[in-house]
Structures are given as C-alpha cells and as structure tokens.
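K.L.:
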C-alpha cells in the first residue's frame with residue numbers, strides 16, 4: 192500500500208493540518224504494511240520533511256507552483272499520480288485543500304473521502320466521518336482501486352510523529368498548456384473583521400455564573416492572555432453583556448476550538464450543541480451538578496472569581 | 022447569463038435524528054426537511070446576479086420525492102425553471118458518482134455559472150461544485166464570500182482563506198462557484214412568487230436518462246452511528262493556587278495552547 | 015416602500031390559518047362552487063413555514079366529517095396512526111391507579127383513530143392544493159382590513175424587520191389580501207379573532223371562553239413495544255381535584271408513544287406550572303414504566319377552547335366568519351375538536367356558496383351560518399355537553415357527578431339546569447396573600463421533588479430544545495406586554511409573576527435584583543400556544559404573530 196501525502200506550506204512553513212495528516216498516514220501504514228511518501232511543491236520545507244519517518248520526500252518545482260493555483264497544482268499532481276501510482280493520496284483538510292482535492296478526484300476518476308476524523312482497520316481500511324453537524328458518524332470503505340482521503344484538523348496529533356531520515360527526490364511535471372482560467376490576485380486582510388469564533392483556537396466562554404457585566408472584563412483578560420476569543424452562552428448575550436456574534440449555541444455559533452474554557456456555564460443543551468465538538472473542554476463551575484461537567488475533559492468545581500485571577504497571572508508568569 | 026443553482030434537501034438542524042434498523046439510513050417520521058443553508062445563499066446570489074445582469078436562473082436538485090419542495094421554494098423566490106433528478110438507483114452513490122449523474126444532466130444546458138452551497142448540512146462532503154467544474158470543464162472557486170461580474174466572460178470571486186485572510190480571484194466563464202453562508206440576505210418568497218410557481222416548469226430526470234457508468238460507485242458506507250462518549254472527566258482539585266498551577270501546566274504541555 | 019406601493023391581491027374567499035377547519039372549509043367550498051359552475055379563487059394564509067408545522071393535538075379523530083368530505087380517505091392514504099384498538103380510563107393516585115370498569119358509549123373512542131394532527135393537516139393540505147386552492151405558508155395575518163365596518167380582507171405581516179423596527183435588506187412589505195369573505199380559522203385564541211370579537215362585541219350574552227393547555231411529549235420506544243391504537247386517559251394525579259384535566263397516552267406507529275397532559279387554564283394557584291405537571295405525571299410508577307428504555311424526541315404545547323356551546327361567540331359579521339377552534343367548536347367531554355372544526359368549515363362553505371350566489375356578503379346573509387350550525391350535528395353533539403366544563407369550577411367529584419347526570423339528561427347541569435355560567439380563566443387566579451397555594455415566591459413546593467435527570471424528566475429549557483421552535487432573533491418580540499411596570503411593581507407581589515410558570519416554553523423570566531428587576535422575554539422560545547394571552551391576570555399580554563415562517567417546526571405533533 193503506497194501512501195502519498197501532499198504537504199501544504201504557508202510562507203515557507205509546513206501547514207499543521209498536513210503534518211497531522213502525515214502522522215495519520217504513518218499510522219495507516221503501520222496497520223496495513225504500507226509505505227508513506229511526502230510530496231511538496233516547495234523546497235523550503237523538504238529538509239524538514241526528510242527528518243520524518245517517510246520512505247522518501249518528493250519535490251516538484253515549477254514557477255507556476257510557487258503560489259497556490261488549483262489548476263496548476265492539479266496538473267502537477269496528475270502527472271505525479273500517473274508516474275508514482277499511489278494507492279492512497281492524503282491531504283490535510285485545509286481551506287486550500289478544499290479548493291483542489293475534490294477536483295483532483297474527478298480528474299483522476301478516483302473517490303475522495305473528505306474531512307475524515309479518523310480511521311480504523313476492520314475488514315478493510317475504514318474511514319470515519321462526522322456527519323449531520325457532528326450528531327452522527329459514518330464509516331466508509333473504498334471497495335477497490337486508488338482513492339484520496341483528507342483528514343480534519345485535530346484528527347491526529349503531531350506529537351509522536353516518527354522521525355527518520357529520507358531521501359529527497361525531484362519529480363518533473365509538465366505544466367505547459369494548463370489553462371489560466373483561474374487567476375488569483377493578492378491576498379489581503381480585512382480592516383474591520385467580524386468576530387469569527389469558528390477560527391479561534393482558544394475560546395473563553397462565560398455563562399450566568401459570571402454574575403455581572405463588570406465581571407466579564409476578567410474573562411476577557413483571560414482570553415487575551417491565552418491568545419483566544421471571548422464568547423458566551425445565551426443568557427449573557429440576552430442580558431446585553433456581550434454582542435450576539437459571541438454567542439455559542441444552537442441559536443449562535445457552533446465552535447470546535449482546541450481549548451474551550453467554560454466559566455460559570457451550567458450546560459443547557461442549547462449551549463452544549465454549539466461547543467461539544469471542542470477538542471479540549473475545561474469547565475469551571477461552583478455547582479458540582481452542572482450538566483456541562485458531563486462533557487468536560489477537565490473539570491474544576493470551584494469559584495471562578497478565585498481561580499481566574501490566579502490563572503491569568505500564572506499564565507503571564509509562564510510566558 | 023444562464024445560471025444553475027444546486028440545492029439539496031437536508032434535515033433541519035434541530036431535527037431529532039433516529040437511526041433505522043439497517044444502521045445506514047435515518048427514520049424519517051420525525052424529520053423536518055429544509056433547503057440546505059449554504060444553498061439558500063447560493064440561490065440568493067444567483068438571483069441577485071440575474072437581477073443585475075439579466076438571464077435565467079435554473080434550480081436543480083437531486084433527491085427523493087420530498088425534495089421537489091426545494092425546487093418549489095426556489096421557483097417561488099424567482100428561479101425560472103427547475104430540474105428534478107430522482108431515482109432510487111441514485112440512493113447509494115458516492116459524491117463522485119452523483120457528480121457524474123448531475124454533470125451528464127447539466128451538460129447540454131451550457132450554463133455560464135453553476136452555483137452551489139459550500140457543503141451540505143448532512144454529509145458535508147464539500148466536493149460537488151469542484152467535481153462538476155472538472156467534469157464540465159469549468160473554472161471554479163470555493164469558500165466564496167462575494168461575486169462580481171466583470172464582463173461576458175469573466176467573474177471575480179472573493180474567497181475566504183484561513184486566519185482572516187481573503188483573496189479575490191478572476192474566473193473565466195463558465196465557472197462553478199461554491200458559496201459560503203452569510204454572503205447575502207436571502208429573500209422571502211412573495212405571495213406573487215408563490216402563485217407564479219404553477220406557471221413554471223420542472224423537468225424530471227431519472228436513471229434512464231443517465232449513462233450507465235455514472236451509476237457505479239466504489240465507495241460504501243458500512244454504517245452510521247451515534248459517536249461514542251468516551252470521555253472521563255478529570256477533576257482538578259486543590260486550593261485556587263494549586264488549581265491554577267495545574268491548569269497552566271495543562272494548557273502548556275498537554276493542550277499546547279501556550280508557547 | 016410606501017403605502018402607495020403596497021401590493022394588493024384580490025381573491026374571492028380568504029381563509030386565515032391552514033388548520034383542519036380552514037382546509038376542510040376551503041376544499042368543500044371549491045367543490046360545491048365547481049359543481050354549480052362557479053370558478054372562484056380561494057386562498058389560505060398560514061403563519062407556519064409549512065402546513066402542519068404549528069398543528070398540535072393528542073389526537074383522536076372522529077372520522078365522521080372525513081366520511082362526508084372525503085369518503086375514500088382510507089384509499090387516499092389518510093395518515094392515521096391506527097384505529098383505536100383498546101381504551102382505558104384510569105384514576106391515578108400518586109403511586110397507584112384504579113381502572114374505571116365502565117365507559118359510557120358516548121365517552122368511548124371506539125371507531126375513532128389515533129392520529130398526528132400535523133400529519134393529518136399536511137395530507138389534507140396536499141389535497142387542497144391538488145384541487146386548486148392556493149395555500150401561502152410563511153404569511154401571518156397581521157390585521158383585518160375594514161371598509162365602513164365591513165371586513166374586506168387581511169393584511170399580512172411585514173417580513174425582514176430588525177429588533178429595532180428597521181427594515182433589513184431583504185425587507186418584504188405585507189400584502190393586502192382583499193376577499194369577499196374572510197374566514198378566520200386561526201385555531202385556539204386566534205389573534206385576528208380576538209380583535210374581531212372585541213370590536214364587534216361578539217361575546218355579548220355568552221359565557222366567556224375558557225381554555226385548557228395541552229402539553230405533550232413524543233417518546234421513541236424500543237422496537238415492537240408500542241401497540242398503535244392504544245388509548246389511555248387518566249385523571250387525579252398529578253392535577254388533583256382542583257384543577258381540570260388529565261393525561262392522555264396514545265400508541266402511534268413506529269413505536270412512538272404520545273404522552274400528554276391537558277389542564278384547565280382556570281386554576282387558582284398562580285404558581286402552577288403545566289410543564290412541571292407533565293414531568294410530575296412521569297414520576298407515577300405506572301407512567302414511568304411505560305417510558306422505560308425510551309427516548310424523548312419531541313415536545314410541544316397548545317391551548318384548547320373548553321368553554322363549549324355557551325362560549326361560542328356570534329359567528330359572523332359583515333364580510334367575515336369564525337370557524338374551528340377560533341370560534342370554539344370543541345367537545346371538551348370527548349376531548350375531540352377536529353371533526354367539529356372540519357364540519358364548521360364545511361357549513362361555512364355552504365353559507366359562502368349562498369352568499370356568492372346572492373352576491374351579498376353582509377352579516378344578514380352570512381349569519382345563516384349560525385342557523386346551519388344549529389341544524390347540523392354540531393349542535394346536537396355540543397348541546398349534549400354544554401355544561402361539562404363549567405361544573406369543574408366546583409371540583410373533580412362534583413364535576414364527575416355533573417357529567418353523569420348530564421349523560422342522562424342530554425346535558426342539563428346537575429341534571430336540572432340548562433345553562434351553567436362560567437368566568438374568565440384568569441379571573442380564577444387567587445392572589446398570593448390569600449393562602450391558597452403551598453409554595454412561596456420560589457415556586458410551588460409540589461415540584462420540589464422533581465429531579466430533572468435529562469432521561470425521563472426534563473427541565474423546561476431542555477424540553478424547549480426539543481420543541482423544534484425557532485424565530486429569527488433579529489426581530490421585534492411578538493409578545494407585547496403593555497406595561498411591564500405592572501409586572502415588576504404589582505404582579506410580583508400580587509401573583510408572583512405566574513407567566514414564568516404557566517408558559518410551557520420558558521419565554522418569560524424575571525431577571526435582575528432590587529431596583530434592576532425587569533421582565534425578560536425570550537420570545538424565540540415561543541411555541542405559539544397562546545397561554546400567556548389567556549392566563550395573564552392583568553390581561554396586558556398581547557400575542558401577535560411573529561415573522562411569517564417562524565415558530566415551531568413540528569412534524570408529527
């Protein structure tokens with residue numbers, strides 16, 4: 192089983208979702224007796240890739256591959272797939288991957304199982320996807336032939352990524368004749384950005400337990416120290432203490448950050464559905480019976496007004 | 022300007038989902054069916070383009086019989102015509118095969134633009150728009166937050182990138198564009214619009230209209246199930262000082278959100 | 015957009031509300047006018063996003079009207095769950111149950127069908143559309159249109175208005191629908207109905223209408239554990255003898271158990287909480303045993319008119335008519351109103367045909383509707399139970415005696431009186447200092463034992479989540495409280511703010527402390543039951559329809 196992992200780079204750095212996908216691929220290889228190769232379109236990252244346990248690192252270089260343009264990337268991958276005949280092509284499910292992996296599937300006429308949250312070996316290699324907005328999971332298998340799979344951010348953890356030492360091999364691609372029907376312009380950031388909680392890695396969220404509007408400042412400071420965003424459950428927004436764009440829950444946003452730190456939130460189901468997909472849920476509430484503890488990874492039964500100020504200084508000291 | 026909008030019928034976000042005994046399908050008696058959220062935004066974007074630049078908007082859906090409602094709603098909002106693709110032999114096709122079914126239906130229409138929602142709220146594959154682009158030899162854009170027609174043969178789209186970045190991209194027509202939710206304010210179907218639905222046509226497409234190799238699939242879903250709750254909450258105890266120390270440790274070394 | 019640009023739609027007959035009354039009425043009207051060569055335009059406006067989404071009932075449907083309207087309803091696939099297969103009546107104490115050994119025939123449900131009203135109206139709505147009736151979903155009736163005191167139609171609600179009352183970018187102005195006759199089939203405590211009744215004093219000389227609230231849950235039970243067509247009704251626990259009502263437990267298809275509680279909105283103790291009463295019901299060992307290994311999948315609530323024959327208003331004015339639950343055609347004793355609602359719609363259709371042929375839609379012609387009702391089996395049925403609900407003012411046992419005597423005397427109260435009076439439900443509420451309740455400001459102590467475990471018993475907020483109700487948050491709240499100072503300064507002391515108890519959807523909350531106390535209205539939880547409009551002791555809450563399409567999205571309630 193030959194697994195080829197496409198590694199995305201951003202500004203010369205390896206994209207973390209690709210790296211997680213590489214880890215996942217190593218696990219698949221271990222369980223199926225396969226090999227893993229890494230593919231890059233940029234030499235900035237190849238030596239780092241060579242330090243991981245892969246059978247080889249493939250590098251395709253061309254001026255047209257310096258900046259992401261789906262049609263050029265597609266043709267490059269098409270050429271490489273023809274030459275290398277991988278059984279599985281792996282992507283990290285990043286925004287960039289969304290912009291070409293499905294088209295690659297149609298180009299090569301092989302299925303793409305997208306946005307997988309994991310895999311398991313049963314009769315066959317089985318891929319797990321989260322469906323119906325996280326309410327259910329599905330198990331998919333590819334019955335025959337080569338295929339593409341993309342893994343969701345957080346499906347695998349990069350600590351434990353095996354190291355090794357691999358050769359870097361240049362592969363040639365022919366990008367002449369690729370249509371210029373897609374022409375990207377310069378990237379830019381918007382001057383005034385609306386709050387997008389779905390992009391935050393860390394969310395500090397407050398509930399009724401925050402008590403008064405003045406106390407939100409403490410939570411805000413904590414979120415700043417952690418480099419995250421502040422959010423709230425419905426009662427806090429209803430009281431006008433935070434804008435509705437910061438509401439998490441069934442009538443607000445659905446989030447799944449690396450860390451969801453809930454302060455004084457009891458855990459009504461309307462709120463839970465908006466955050467239960469978070470990778471690490473830490474709940475601080477003085478009520479030991481708060482339903483939110485049921486889905487918490489870590490729980491603290493305690494007074495947020497005693498703990499949070501110490502937490503803030505503790506974090507500041509450690510940095 | 023001839024625009025096609027792909028709309029899918031999905032369960033309402035708050036519907037209670039019960040898995041049927043076959044572990045593959047849902048019990049449908051308690052489901053409220055709605056048009057997929059991002060598809061609504063795609064439809065509105067298409068209607069706005071039609072209002073500004075003239076042309077036709079054709080709504081297309083692939084689904085079970087109840088999905089006809091999705092086309093009715095689109096026609097009531099201002100789409101000119103509908104295409105209803107339905108057949109029980111489509112039930113187990115994977116998204117690539119479904120793309121082939123849809124492509125073979127839409128091919129002869131020679132659309133300038135195909136608009137789709139970014140992803141469906143049920144399977145969430147997020148692939149169809151790009152699959153069609155490839156099969157129908159169109160340019161494509163996804164995660165689109167804005168559109169602008171430049172001239173008869175060019176459209177500019179604003180794409181959302183990670184980390185708060187954006188990028189405008191020029192696409193030569195024909196183009197397949199996947200629209201992100203929130204791009205516009207979907208209109209209501211007016212009384213007049215609802216009454217006009219009777220006068221508009223919906224074309225039916227079944228498996229006999231599709232070439233046979235589109236009807237094969239290499240992907241099987243073995244089962245659908247409720248995710249296991251494997252969580253064991255670890256309680257952190259001690260004085261506030263001790264607790265905050267342990268939390269800092271946790272954030273630094275385990276969860277790794279601190280540098 | 016201005017008044018000059020407001021769109022006008024002309025139809026011959028307009029029905030407000032796509033419930034069983036309007037659907038039956040519209041269908042019958044289309045057919046009988048067609049038979050005499052009249053091609054008329056009939057429109058129905060419905061505030062829900064689709065027909066049936068706001069329909070809630072037990073229900074057990076008497077097929078009598080369906081046999082008249084659509085004789086081949088079984089062949090046409092009417093979505094009944096099952097014919098009533100077995101029926102039981104129980105008296106519950108808190109721990110045990112006593113079966114009523116004998117059910118008089120007139121209270122039996124034999125020959126009737128367990129059904130979901132939402133599924134039933136969806137089916138009937140499809141037939142209406144197939145036969146050429148336009149049903150406009152997502153359009154609320156916001157005000158009646160008059161010309162010289164004659165009703166000439168309805169203005170639909172504006173859509174696309176934000177919480178400050180400003181137009182959003184997709185603002186859609188309401189349309190004026192002009193009709194020769196406007197038929198109000200809005201269901202229980204209709205909002206246009208309420209204004210019409212007040213404007214023309216249609217309740218003069220009548221008993222005030224009294225309502226009950228029905229709160230229900232659907233439970234998905236293990237395979238093959240539920241018999242479709244199973245029917246049980248109970249009285250006693252948890253309502254006791256002073257509150258009208260009882261529970262219903264019906265077996266539906268697909269192993270769904272339909273469990274609910276109907277309680278009169280004329281109780282005395284302002285800390286009574288209908289949602290909590292339903293949870294209390296589930297603590298009964300027998301009820302609890304019925305729910306073993308099940309999962310609650312849906313929740314809803316709706317009021318129902320219990321006043322009966324003497325609470326029917328004058329049914330017509332120039333240009334308008336009242337049908338169904340809006341008028342109050344419900345048989346409280348049989349706990350059935352759907353067949354009566356449909357029949358009232360059909361009789362309205364006959365009245366309108368006559369009016370069309372005479373080209374006269376004034377009250378003098380439309381009032382023939384009252385004659386038709388009186389000559390039909392509607393009156394026969396309702397007259398027999400005309401004093402049923404009023405006797406419950408005296409407690410459960412006297413009421414049962416009254417019911418028994420009524421069965422023997424064709425409806426005479428206590429066997430002798432023709433007409434028992436009643437008073438408005440909210441007027442029954444007693445003030446806090448009169449010592450009638452067993453709690454205090456923190457709620458009624460009878461609910462203290464309730465532990466909301468999230469598996470069998472649910473707090474209100476969790477149930478609301480399963481009520482599939484949603485409203486665009488960015489709109490002006492549709493619950494108009496005329497003077498919230500009364501809530502804060504008078505009601506807290508006098509009644510303890512009963513709105514936070516009687517609302518089954520946690521809409522009303524008193525928040526803040528001391529001088530910062532205020533009434534918070536979580537309007538997006540509203541399930542459109544109208545209980546607040548009915549039961550508020552000061553009658554300052556006005557329920558108006560929210561933006562069209564908002565509200566519950568019930569599938570089979």
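Chains as they are written, first to last, in our numbering: chain A, 192 to 510; chain B, 22 to 280; chain C, 15 to 571.
Even glycine gets a Cβ: it sits at the ideal position worked out from N, Cα and C.
I'd like the span of the alpha helix (DSSP H) that includes residue 381/A, first residue to last.
P.N.:
Sequence index remark: in the first chain, residue 381/A carries index 190 (1-based). No alpha helix (DSSP H) holds residue 381/A; DSSP gives it neither H nor E.
K.L.:
Can you list, in chain order, the residues of the segment 221-243 of chain C whose Cβ is nearer than 8 Å to any Cβ on chain B?
P.N.:
Answer in chain order: 232, 234 and 237.
K.L.:
What does residue 105/B pair with, by DSSP beta-bridge criteria?
P.N.:
Translated into positions along the second chain, residue 105/B becomes position 84. According to DSSP, which records beta bridges pairwise, residue 105/B is partnered with 82/B and 225/B.
K.L.:
Please list, in chain order, all residues of the same chain as residue 416/A whose beta carbon is under 7 Å from its beta carbon, the five residues on each side excluded.
P.N.:
By 1-based counting over the first chain, the position of residue 416/A is 225. Excluding residues within five positions, the ones whose Cβ falls inside 7 Å are 503, 506 and 507.
K.L.:
My assumption, with CB atoms under 8 Å, is that residue 193/A sits in contact with residue 226/A. Please give the rounded CB distance.
P.N.:
Taking the first residue of the first chain as 1, we reach residue 193/A at position 2. Taking the first residue of the first chain as 1, we reach residue 226/A at position 35. Their Cβ separation, rounded to whole angstroms, is 6 Å, which keeps residue 193/A and residue 226/A in contact under 8 Å.
K.L.:
Who does residue 262/C pair with in a DSSP beta bridge?
P.N.:
Locating residue 262/C in the third chain gives position 248, where the first residue counts as 1. DSSP output for residue 262/C lists 247/C and 274/C as bridge partner(s).
K.L.:
DSSP state of residue 307/A, grouped into three classes?
P.N.:
Translated into positions along the first chain, residue 307/A becomes position 116. In the structure shown, residue 307/A sits in a strand (DSSP, three-state: E or B).
K.L.:
Give, in chain order, every residue of the segment 29-55 of chain B whose Cβ lies closer than 8 Å to some Cβ of chain C.
P.N.:
Per Cβ criterion, the list reads 33, 35, 36, 37, 39, 42, 48, 50, 51, 52 and 53.
K.L.:
Taking Cβ-Cβ distances below 8 Å as the criterion, which residues of the segment 373-390 of chain A are in contact with chain B?
P.N.:
Correct list: 373, 374, 375, 376, 377, 378, 379, 380, 381, 384, 387 and 390.
K.L.:
I'd like the list of long-range same chain contacts for residue 117/B, defined as Cβ closer than 7 Å, with 5 residues on each side in sequence excluded.
P.N.:
In the second chain, counting from the first residue as 1, residue 117/B sits at position 96. Correct list, in chain order: 152.
K.L.:
Please report how far the alpha carbon of residue 41/C lies from the alpha carbon of residue 138/C, in whole angstroms.
P.N.:
Translated into positions along the third chain, residue 41/C becomes position 27. Translated into positions along the third chain, residue 138/C becomes position 124. Rounded to the nearest angstrom, the two C-alpha atoms are 9 Å apart.
K.L.:
Going by beta carbon distance, what residues of the same chain come within less than 6 Å of residue 391/C, once the five residues before and after it are set aside?
P.N.:
As a position in the third chain, residue 391/C is number 377, starting the count at 1. Counting only Cβ-Cβ distances below 6 Å, and skipping sequence neighbours, we find nothing.
K.L.:
Going along the chain, which residues of its own chain have a beta-carbon closer than 6 Å to the beta-carbon of residue 280/C, five neighbours each way excluded?
P.N.:
One-based indexing of the third chain puts residue 280/C at position 266. So the qualifying residues of the chain are 224, 439 and 442.
K.L.:
So if I threshold CB-CB distances at 8 Å, which residues from the segment 482-496 of chain C count as touching chain B?
P.N.:
Per Cβ criterion, the list reads 482 and 484.
K.L.:
What residues of chain A sit near residue 120/B, judged by a beta carbon separation below 8 Å?
P.N.:
For the purposes of this step, residue 120/B is taken as the residue at position 99 of the second chain. 297, listed in chain order.
K.L.:
When the Cα of residue 37/C is compared with those of 434/C, 528/C, 365/C and 145/C, which residue comes out closest?
P.N.:
Counting from 1 along the third chain, the entry for residue 37/C is found at position 23. Nearest of 434/C, 528/C, 365/C and 145/C to residue 37/C, Cα basis: 145/C.
K.L.:
Who are the near neighbours of residue 123/B in its chain, counting only those whose CB is closer than 8 Å to its CB and skipping five residues on each side?
P.N.:
As a working note, residue 123/B is residue 102 in the second chain. For residue 123/B, where only same-chain residues beyond five positions count, the Cβ hits under 8 Å are 27, 81, 83, 106, 149 and 153.
K.L.:
To the nearest whole angstrom, what separates the beta carbons of residue 180/C and residue 287/C, a pair I think is in contact under 8 Å?
P.N.:
Start at 1 with the first residue of the third chain, and residue 180/C comes out as number 166. Start at 1 with the first residue of the third chain, and residue 287/C comes out as number 273. About 37 Å separates the two Cβ atoms, so there is no contact after all.
K.L.:
Have a look at 140/C, 122/C and 169/C and flag the residue whose alpha-carbon is nearest the alpha-carbon of residue 92/C.
P.N.:
Position 78 of the third chain, counted from the start, is the residue given in the question as residue 92/C. Checking every option, the nearest Cα to that of residue 92/C belongs to 140/C.
K.L.:
Going residue by residue through the segment 392-444 of chain A, where are the continuous beta strand (DSSP E) segments of at least 3 residues, counting only ones entirely within it?
P.N.:
The segment 392-444 of chain A contains these whole beta strand (DSSP E) runs: 393-397 and 420-423.
K.L.:
Residue ranges of each alpha helix (DSSP H) run of no fewer than 4 residues wholly in the segment 356-428 of chain C, ordered along the chain?
P.N.:
Entirely contained in the segment 356-428 of chain C, the alpha helix (DSSP H) runs reaching 4 residues are, in chain order, 377-380, 382-389, 391-398 and 410-423.
K.L.:
Is the shortest distance between the beta-carbon of residue 353/A and the beta-carbons of chain B less than 8 Å?
P.N.:
Here residue 353/A refers to the residue found at position 162 when the first chain is read from its first residue. By this cut-off, residue 353/A is not an interface position.
K.L.:
Can you tell me where the beta strand (DSSP E) with residue 177/B in it begins and where it stops?
P.N.:
On the second chain, residue 177/B is found 156 positions in, with the first residue counted as 1. Looking at the DSSP string, the run of the beta strand (DSSP E) that includes residue 177/B is 175-181.
K.L.:
Taking all protein chains shown into account, decide if residue 264/A is buried (16 or more other Cβ within 10 angstroms of its Cβ) or exposed.
P.N.:
The count along the first chain starts at 1 and reaches residue 264/A at position 73. Residue 264/A is buried by the Cβ-count criterion.
K.L.:
How many angstroms separate the CA atom of residue 77/C from the CA atom of residue 120/C?
P.N.:
Residue 77/C sits at position 63 when you count from the first residue of the third chain. Residue 120/C sits at position 106 when you count from the first residue of the third chain. Using only the alpha carbons, I get a separation of about 15 Å.
K.L.:
Cβ closer than 9 Å: which chain A residues qualify as neighbours of residue 155/B?
P.N.:
Start at 1 with the first residue of the second chain, and residue 155/B comes out as number 134. Within 9 Å Cβ-Cβ: 265, 293, 294, 295, 296, 297 and 298.
K.L.:
Is the CB-CB distance between residue 307/C and residue 222/C below 8 Å?
P.N.:
Taking the third chain and counting its residues from 1, one reaches residue 307/C at position 293. Taking the third chain and counting its residues from 1, one reaches residue 222/C at position 208. Not a contact, by the Cβ cut-off of 8 Å.
K.L.:
Kindly list the residues whose CB is nearer than 6 Å to the CB of residue 118/C, restricted to its own chain and excluding five residues on each side of it in sequence; keep chain order.
P.N.:
As a working mapping, residue 118/C is identified with position 104 in the third chain. Same-chain partners within the cutoff: 421.
K.L.:
Which class does residue 500/A belong to by DSSP, given the choice of helix, strand or coil?
P.N.:
Against the first chain, residue 500/A aligns to sequence position 309. Helix, per DSSP.
K.L.:
Note down the Cα distance separating residue 151/C from residue 60/B, rounded to an integer number of angstroms.
P.N.:
In the third chain, counting from the first residue as 1, residue 151/C sits at position 137. In the second chain, counting from the first residue as 1, residue 60/B sits at position 39. So the alpha carbons of these two residues sit roughly 20 Å apart.
K.L.:
Below 8 Å on the Cβ atoms is my guess for residue 34/C versus residue 356/C; work out the distance and round it to an integer in Å.
P.N.:
Translated into positions along the third chain, residue 34/C becomes position 20. Translated into positions along the third chain, residue 356/C becomes position 342. Yes, they are in contact, since the Cβ atoms of residue 34/C and residue 356/C sit about 5 Å apart, within 8 Å.
K.L.:
Helix, strand or coil: how does DSSP classify residue 63/C here?
P.N.:
Taking the first residue of the third chain as 1, we reach residue 63/C at position 49. The answer is coil: DSSP assigns residue 63/C none of H, G, I, E or B.
K.L.:
Is residue 277/B helix, strand or coil by DSSP?
P.N.:
Numbered from its first residue, the second chain carries residue 277/B at position 256. Residue state, collapsed to three classes: coil.
K.L.:
Should the segment 399-408 of chain A be regarded as contacting the segment 421-437 of chain A, the criterion being three or more beta carbon pairs within less than 8 Å?
P.N.:
With a cut-off of 8 Å, the segment 421-437 of chain A and the segment 399-408 of chain A count as touching, because enough Cβ pairs lie within range.
K.L.:
In the DSSP output, which residue or residues are listed as bridge partners for residue 232/A?
P.N.:
Looking up residue 232/A in the first chain gives position 41. Beta-bridge pairing links residue 232/A to no other residue.
K.L.:
Could you please give the first and the last residue of the uninterrupted beta strand (DSSP E) stretch that includes residue 142/C?
P.N.:
Counted from its first residue, the third chain places residue 142/C at position 128. From DSSP, residue 142/C is part of no beta strand (DSSP E) but of the alpha helix (DSSP H) over 131-144.
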